[in-house]
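Asker:
Protein chains in written order, with this note's numbering: chain A, -7 to 460; chain B, 28 to 353.
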């Protein structure tokens, strides 16, 4: 049993579920306390000691079914089918007759032949599993190997030998004067069981492949999704993206919380303590500590929503929305040529309608103009520069394609002077910066961080920088 | 302690808590293996309630530690009662000068004081907080560490130490070992992912929103005397509302509140107007209510269609039912 559990653990690990050695040991302890006749309880006991992330539960459930029962059922299914295929034979009567005849004969059958003859399903299952272990079936890697491994398992089982034995047995029975009709039935039965056995072995191999490769397709999909550019995402992809953004935002929140905690408790404040305890005759009953001012990071976000970056800005707005749930002091603006504030929309509306609204200009700007970064920055400089201070991080999202307008980089310079950080997220690769109508190179000196960000992997890298 | 998983299930049933096999198994193992249980799941599925009913079923005291941001050892474990210590020194001033009488040198005086300093750092001046109380209690207790995700990561690291050995070290007094290992439940709303180290030490239990049958059972258990048809209608609607993309998904406790509210209003089935008037019991955001209302009208029209289809066949049984009910 323990060996089986270790094997199961390995399969869980392969599927990306983190199971430590200590947890495997825990599961042994847990199973010691249980009676194993209830499948539900067995499953729950293994789960609670090995799987600790709620996201992994569905994977666990699928693998559990695959591992602990699948083959057991499919073997029985095969044999049942085979027996039904024989039409109406009274198998029990046949078996009884066989039994009585065998008692008088001196036959020595191999384990497998015996199991086949008596249709001992548990024994057959045991034998297949054993043979599988001996052939090293866990090394199976792809579809093409199914035939090969099935043959290996059958060889290991000694299938050919067993069927020869059974044929000899039939001959012996004939010599003993068994009724010809009965013999025919017996032959049919034996053939059917052997066929079922072969099929079961093949299924066993397929199942084994499934186990080993369980998450292959899923993982392939996720990997390619992470690399996929935001420009070409379907609705479904977007949904998956959102989940990841939520996770990133959560991570961000943790870091922020740690920082805040560190700041909280100050040093002992002697003056305050003495003042406070004057009424106790100067005996310091109440100790006072200096309170350090909390460093609440502020954030200002400018997001380009022009048509050239439409898909990216949708995603970015989503990210901004998640940030807004974490940072209390966040102001968000959208721009094309004009610049408009959408902070309130993001605060009050739910995510989808907020994003749609913002993409439509938020009722404050006209989104159907040509981008003009210079003008947008100028408006920001004129109207909102006063909101910046040395705790503010300014995030600009856009491709800096300025349609040959005046870039007015000096506006960004002033912003950079006043703010703590200026971070530029550009969906274009750095190679394209400064070419054509891109004025990225003029803005570049006035940013602290400028990163290309077109896909999730790049964004997640960037997130780490946001809190630094 | 519990004898078997079935015993757990029936004991909790006795406390009016409807469990699944899964929950019962984990509770059973927790008591057998003396391991803490980390209960996760959305808000309002009865995580805290589970700890309470387990304590109730075992007839042991429950000690609760509510976590919040900024919770530290002093609030969770123990604290020196500083003012009491100071008060004692003030009141014992004469005694102290007696002790010091005849001491010629400063060194001798310091030595004499040093001999006595145990008095001021003894258990007398310790204020035990929940963790300490659970560990030093004479009887087995149930320790509930509620909303552990709200605490800071540092506190979590500190919890690890306590939960792995069930010992507490107070530098001035020494190590205090648990007399009786408490049954520990930690609950988390997943506001923050707990560290793997903590998870590794715990059994993990995920309680999700119940399925239809379980929720019906819960409602019947908790709101006695409610009409079966109303229960089914309520649960069906709530389950559908949960599938919507809402700011706050209605929890079991809200379903119960709603059922009670409808009972108070003497409703025997769900009418459109009635639902609209009482919707705010289960939904707490205006946007959510609007979304739910469109879903609601869909559900009602579907139901009406279904009823029309069944009417000719079912006409007799319903009339009988009605006459019984009135």
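Think of the CB as a built atom: it goes at the ideal place given N, C-alpha and C, for glycine as much as any other residue.
#1: Please check if any C-beta of chain A sits within less than 7 Å of the C-beta of residue 110 of chain B.
#2: With a threshold of 7 Å between beta carbons, is residue 49 of chain B in contact with chain A?
#3: Could you name the residues of chain A that residue 53 of chain B contacts, counting a contact when the two beta carbons are closer than 7 Å?
#4: Apply the 10 Å Cβ neighbour rule to residue 13 of chain A and answer buried if 16 or more other Cβ atoms are within range, or exposed otherwise.
#5: The ligand SAM and residue 310 of chain A: does any heavy atom of the ligand fall closer than 6 Å to the residue's C-beta?
#6: Going by C-alpha distance, which of A/50, A/264 and A/279 is nearest residue 113 of chain B?
#7: By Cβ distance, which residues of its chain are closer than 7 Å to residue 336 of chain A, with the 5 residues on each side in sequence left out?
#8: CB-CB under 8 Å to residue 443 of chain A, same chain, minus the five flanking residues each way: which ones, in chain order?
#9: Please report the straight-line C-alpha distance between residue 261 of chain B and residue 297 of chain B, rounded to a whole angstrom.
#10: List the residues of chain D that residue 33 of chain A touches, going by C-beta distances under 7 Å, in chain order.
#11: What's the C-alpha gap between residue 7 of chain A and residue -4 of chain A?
#12: DSSP state of residue 340 of chain B, grouped into three classes?
#13: Looking at chain B, is there any beta carbon in it that lies within less than 7 Å of the beta carbon of residue -2 of chain A?
#14: What is the residue span of the beta strand (DSSP E) that residue 204 of chain B lies within?
#15: Hey, residue 431 of chain A and residue 399 of chain A: beta-carbon distance below 7 Å or not?
#16: Spell out a yes or no on whether the region 124 to 142 of chain B and the region 213 to 231 of chain B are touching, meaning 3 or more CB-CB pairs, one atom from each, closer than 8 Å.
#17: Can residue 63 of chain B and residue 195 of chain B be called in contact, C-beta distance under 7 Å?
#18: Would you kindly work out how many angstroms separate the C-alpha atoms of residue 205 of chain B and residue 263 of chain B, rounded to a whole number?
#19: When the Cα atoms are used, what is the spatial distance from residue 384 of chain A to residue 314 of chain A?
#20: For residue 293 of chain A, which residues in the same chain have their Cβ closer than 6 Å to its Cβ, ignoring the five residues on either side in sequence?
#21: Whole angstroms are fine: how far does the CA of residue 11 of chain A sit from the CA of residue 338 of chain A?
#22: Which of helix, strand or coil does DSSP assign to residue 256 of chain B?
#23: Provide the residue(s) that pair with residue 415 of chain A in DSSP beta bridges, ordered along the chain.
#24: Let's see if you can read the secondary structure: which residues bound the alpha helix (DSSP H) around residue 40 of chain A?
#25: Would you call residue 270 of chain A buried or exposed, if buried means 16 or more other Cβ atoms sit within 10 Å of its Cβ?
#26: Quick one: give me the first and last residue of the beta strand (DSSP E) that residue 196 of chain B is part of.
#27: Determine whether the Cβ of residue 49 of chain A lies closer than 7 Å to any Cβ atom of chain B.
#28: Quick check: what's the CA-CA separation for residue 121 of chain B versus residue 143 of chain B?
#29: Of all the CB atoms in chain B, is at least one closer than 7 Å to the CB of residue 222 of chain A?
#30: Of all Cβ atoms in chain B, is any one closer than 7 Å to the Cβ of residue 14 of chain A?
#31: Just mark residue 305 of chain A as buried or exposed, buried being the case when its beta carbon has 16 or more other beta carbons within 10 Å.
#32: Any chance you could list the beta strand (DSSP E) runs of at least 3 consecutive residues sitting entirely within the region 150 to 193 of chain A, in chain order?
#33: By how many angstroms is the C-alpha of residue 393 of chain A removed from the C-alpha of residue 300 of chain A?
#34: Mapping the DSSP letters down to three states, classify residue 7 of chain A as helix, strand or coil.
#35: Within this structure, are the beta carbons of residue 233 of chain B and residue 46 of chain A separated by less than 7 Å?
#36: Under 8 Å, with one C-beta from each stretch per pair, do the region 100 to 115 of chain B and the region 316 to 326 of chain B reach the 3-pair mark?
Answerer: The answer reads as follows:
#1: yes
#2: yes
#3: 36 and 40
#4: exposed
#5: With respect to the ligand SAM, the structure shown offers nothing to examine, as it has no ligands at all.
#6: A/279
#7: none
#8: 415, 416, 417, 418, 450, 453, 454 and 457
#9: 8 Å
#10: Note that chain D does not occur in the displayed structure, where the protein chains are A and B.
#11: 17 Å
#12: Caution is warranted here: a pLDDT of 49 is assigned to residue 340 of chain B, below 50, making its placement in the model unreliable, and the coordinate value is therefore given only provisionally. Correct three-state label for residue 340 of chain B: helix.
#13: no
#14: 201 to 204
#15: yes
#16: no
#17: no
#18: 48 Å
#19: 18 Å
#20: 312, 324 and 387
#21: 40 Å
#22: helix
#23: A/387 and A/441
#24: 31 to 42
#25: exposed
#26: 194 to 197
#27: yes
#28: 14 Å
#29: Low local confidence applies: a pLDDT of 48 at residue 222 of chain A is under 50, so the model's placement there is unreliable, with the coordinate-based value given in what follows. Cβ-Cβ to chain B under 7 Å: no for residue 222 of chain A.
#30: yes
#31: buried
#32: none
#33: 9 Å
#34: coil
#35: yes
#36: no
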